[in-house]
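**Student:** Input: one structure, supplied below.
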Amino acid sequence: MEFETLDVVIVGAGLSGINTAYRVQTELPHRSYAILEGRSEMGGTWAFWKYPGIRTDSSMGLFGFPWRPWPHVSNMASGPEIKAYMQDCAAAEGIDKKIRYGHRVVSSTWSSDEQRWTLHTEVTRDDRTVEKKVFKAWWIINASGYYSYEKPMPAVIPGIKDFGGEVIHPQFWDDGISCTGKNIVIIGSGATAVTLLPAIAKTAKSTTMLQRTPSYVFNMPKDDRLAMFLMKFLPFSWARMINWWQRMFIETIFVHIMLGFPNFSKRFVIGEMRKALPKGFDVDKHFTPWYGPFEQRLCFCPENDFFQALHRPNCRVVTDHIDTVTETGILLNSGEILEADMIITATGLYFSLLEGVSVTVDGDSITDTLGKRYIWNGCMLEGLPNSGLISGYTAATWTPGADVRVRQVIKVIKDMEKSGATAAVPTVDPKQREGMPALLGIGLSSTYVVTAHERIPKVSGTAPWVNGSSWASDVWRLVTSNVRTGMKYTFAEKKKSV
């Protein structure tokens, strides 16, 4: 069997994958690597999603790569802008030459005898023919995200099959879909719905966001005013460095206050929403969630565009439950009927780690037991040798979390090189496991998280079995922690594990 041998294989050419590649090639320059990307383009989320208004809901001052800062003054960038930025960054560092497009990983198998991973891939060529290719790698770093590209979270909507109009999920939006002059109902109240509503309301006859429960929505200035000010007087690199630290400080304090003082935070955010909404708007009904800020992801909107849309006569929010969908609209439990030409089901993501990949270790399947395994320092999974799992923060800005986690993986690799180890596998002592809490590795109460609890790896809340949500504490752990805590090393010469 022919195969290609690499030291490190990175799976996924999205934001986390490109950042991982940069860290690998700068901190492990003697190691060979490649990025395997199943699709035909880089960008991950920002190349995949096409719905109107698609954008980040974090400040680009933090969302951009720390090694090549976001070059514009805009705070919240569109999907195409983020994709173009990623392409520029990858090209500038030579990372684009390391990407193997159309390489979908089908299975990965660890052999203790070889001390290597074997990856089986399906390679789609330009003529759409598919061939198989095998890779051997010392390390795999998975950076392909935590949701399925193939399917959204299942949502039971009574009567949806009887609807005579269009039913669209934002995950599968394409350029041929038009909302112009139509009565649109968006089902959902998360970040996607909050982004869709103002974009669609510009051309639709009517736009209704139908939600079962309210969400928090907070304004963010369209442009980064501090960055604009600093760049007038300082070199770009200095201005961006100062701006990054200022943004990180503000975000850390903001999230800490929101989580630490939930009653105050709830009053503050609701008060800000009340100011932005039309006079007399029923805030108690439509914008007073039962949970505190950041217990689910806080939705941000640029220059209050979401609230400004609700000042339009063709745009509204309805809080109710669906009785049934009819041929021409939606009948609510209250008896109200929402007429619709198109229903957009912004009902959430389907949580899926290592989507579509069969993972085995010495013949034992790992795929079906991912949700029973503990996360090691946010970047590896119990029982998987030489395997990084990189994701960003879900309640805070994504990229700082993804960056500190890949740096933790590289710290493990460097310690292995120094000691001569050939394998490192996070391992929980059986006696310790008996008393360990099994908490969800994602600390959100969002529906897509709660419904996926059996598929989400666990944490104990005590290092190293944690999945941090604070950059400051994660960096402190990176600098001070011993990588051998909770880790079993194998040394090839004597085939001895310690």
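Residue -7 is where the sequence shown starts when you use my numbering, and the numbers rise one by one after that. Beta carbons: idealized from backbone N, C-alpha and C, even for Gly. In this text the structure is predicted, and so the values were computed from the model without any measurement.
1. Quick check on residue 448: does DSSP put it in helix, strand or coil?
2. Taking residue 418 and residue 374 to be in contact with their CB atoms under 8 Å, please state how far apart those CB atoms are, rounded to whole angstroms.
3. Taking only three categories from DSSP, how would you classify residue 278?
4. DSSP three-state label for residue 287, please.
5. Can you tell me whether residue 197 is helix, strand or coil according to DSSP?
6. Does the count of Cβ pairs from the region 8 to 18 and the region 157 to 166 closer than 8 Å reach three?
7. Which value, in whole angstroms, describes the spacing of the CA atoms of residue 264 and residue 232?
8. Do three or more CB pairs link the region 64 to 73 to the region 84 to 91 at distances below 8 Å?
9. Out of 9, 104 and 340, which has the shortest C-alpha to C-alpha gap to residue 355?
10. Name the one or two DSSP bridge partners that residue 481 has.
11. Between which two residues does the alpha helix (DSSP H) carrying residue 222 extend?
12. Short of 6 Å in beta carbon distance, which residues of its chain neighbour residue 369, apart from the five on each side in sequence? Order them along the chain.
13. Applying the 10 Å Cβ sphere with the 16-neighbour rule, what's the burial state of residue 492?
14. Round the Cβ separation of residue 179 and residue 189 to the nearest angstrom and send it over; I've been treating them as touching at under 8 Å.
15. Once DSSP output is grouped into helix, strand and coil, what is the label at residue 308?
16. Measuring alpha carbon to alpha carbon, tell me which residue in 102, 13 and 38 is nearest residue 59.
17. What number of angstroms, rounded off, separates the C-alpha of residue -5 from the C-alpha of residue 129?
18. The beta strand (DSSP E) that contains residue 134, what's its start and end?
19. Going by Cα to Cα distance, which pick from 379, 199 and 394 is closest to residue 310?
20. Could you tell me if residue 191 is buried or exposed, where buried requires 16 or more neighbouring beta carbons within 10 angstroms of its beta carbon?
21. Would residue 197 and residue 306 be called neighbours here (beta carbons separated by less than 8 Å)?
22. Let me confirm a value: residue 83 is counted as buried when at least 16 other C-beta atoms fall within 10 Å, else exposed. Which label applies?
23. With a threshold of 6 Å on Cβ separation, who are the neighbours of residue 451 within its own chain once the five nearest residues in sequence on each side are excluded?
24. Look at the Cβ atom of residue 481, then the Cβ atom of residue 416, and state whether they are nearer than 8 Å.
25. Do the region -4 to 6 and the region 21 to 36 touch if we need at least three Cβ pairs shorter than 8 Å?
26. Name the one or two DSSP bridge partners that residue 8 has.
27. For the beta strand (DSSP E) that residue 334 lies in, which residues bound it at each end?
28. Rank 332, 483, 396 and 382 by C-alpha distance to the C-alpha of residue 172 and give the top, closest one.
29. May I ask you to list the residues that DSSP assigns as paired with residue 26?
30. For a test of the three-state rule: what should DSSP assign to residue 296, helix, strand or coil?
31. Around the Cβ of residue 337, are there at least 16 other Cβ atoms within 10 angstroms (buried) or fewer (exposed)?
32. Kindly indicate the opening and closing residues of the beta strand (DSSP E) around residue 144.
33. Using alpha carbons as the reference points, say which of 106, 156, 95 and 140 lies closest to residue 118.
34. Report all residues from its chain with a CB closer than 7 Å to the CB of residue 54; omit the five preceding and five following residues, and keep chain order.
35. Which term fits residue 245, buried or exposed, when burial requires 16 or more other beta carbons within 10 angstroms of its beta carbon?
36. Relative to the C-alpha of residue 215, which residue among 296, 148 and 478 is closest?
**Tutor:** Walking through what the data contain:
1. When DSSP states are grouped into helix, strand and coil, residue 448 belongs to the coil group.
2. The beta-carbon separation of residue 418 and residue 374, rounded to 5 Å, stays under the 8 Å limit for a contact.
3. Helix.
4. coil
5. coil
6. no
7. So the alpha carbons of these two residues sit roughly 29 Å apart.
8. no
9. 104
10. 416.
11. 217 to 225
12. 400 and 456
13. Past the edges of the chain, shown from -7 to 490, lies residue 492, and the structure says nothing about it.
14. About 12 Å separates the two Cβ atoms, so there is no contact after all.
15. strand
16. Looking from the CA of residue 59, the closest CA among 102, 13 and 38 belongs to 13.
17. 10 Å
18. 122 to 134
19. 199
20. buried
21. yes
22. exposed
23. 367, 431, 433, 457, 458 and 459
24. yes
25. yes
26. The partner list for residue 8 (beta bridge, DSSP) is empty, contrary to what the question assumes.
27. Residues 334 to 337.
28. 332
29. 1
30. coil
31. Looking at its Cβ environment, which holds 16 or more other Cβ atoms inside 10 Å, residue 337 is buried.
32. For residue 144, the enclosing beta strand (DSSP E) stretches over residues 139 to 144.
33. It is 95 whose Cα lies nearest to the Cα of residue 118.
34. 236, 239, 240, 243, 389, 391 and 392
35. Classification for residue 245: exposed.
36. The residue from 296, 148 and 478 with its alpha-carbon nearest to that of residue 215 is 296.
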